[in-house]
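Here the structure is laid out as structure tokens; the discussion comes afterwards.
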Amino acid sequence: MEVKKENIENQKSSLVLENRNRLTLTGVVEVINFDDKTITLDTSLGTLTIRGQELKMQKLDVQNGDVAIIGRVNSCVYTTTESKKDNESIIARLFR
């Protein structure tokens, strides 16, 4: 299982949004959380939060890293933990 997860994390990732009603993703490692307004995914590029209305997962294939979402998509935001580490190190340097 770990070998497959590493392969997905090294894959290329894509995000295709069609008319704000269909979102197709590749490079998905894990589904963290989802409901009809927010879907949070762990991808090879970081955590992706999708917000919208009446969101539904039409296709979910985590083994291959593919997800298709339908519904009204209002925003897609990537976050990474690396940027938090950089900020912490700057703050830590200030208080030395």
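Under our numbering, think of the first position of the sequence shown as 1, with each following residue one higher.
Using N, Cα and C, we set each Cβ at its ideal position, and we do this for glycine too.
Whole-number beta carbon distance between residue j and residue i, since they are thought to touch under 8 Å
i: VAL31; j: VAL62; result: 7 Å
i: ARG51; j: ASN21; result: 14 Å between Cβ atoms; not a contact.
Which listed residue (the options) has its alpha carbon closest to that of residue i
i: LYS37; options: GLN53, LEU45, LEU25; result: GLN53
i: ASP35; options: ASN21, GLY71, VAL77; result: GLY71
i: CYS76; options: THR49, ASP42, THR24, ALA68; result: THR49
i: LYS114; options: ARG20, THR40, LEU45, ALA68; result: Given a span of 1 to 96 for the chain in the structure shown, any question on residue 114 remains unanswerable.
i: THR80; options: THR43, ASN21, ASN33, VAL29; result: THR43
i: THR24; options: ASN33, THR47, LYS59, ILE39; result: LYS59
i: ASN64; options: GLU18, VAL29, THR40; result: VAL29
Neighbourhood of residue i by C-beta distance below 6 Å, restricted to the same chain and skipping five residues each side
i: ASP66; result: THR26
Counterpart residues of residue i in DSSP-defined beta bridges
i: ARG51; result: THR38, SER75
i: ARG22; result: GLU18, ILE70
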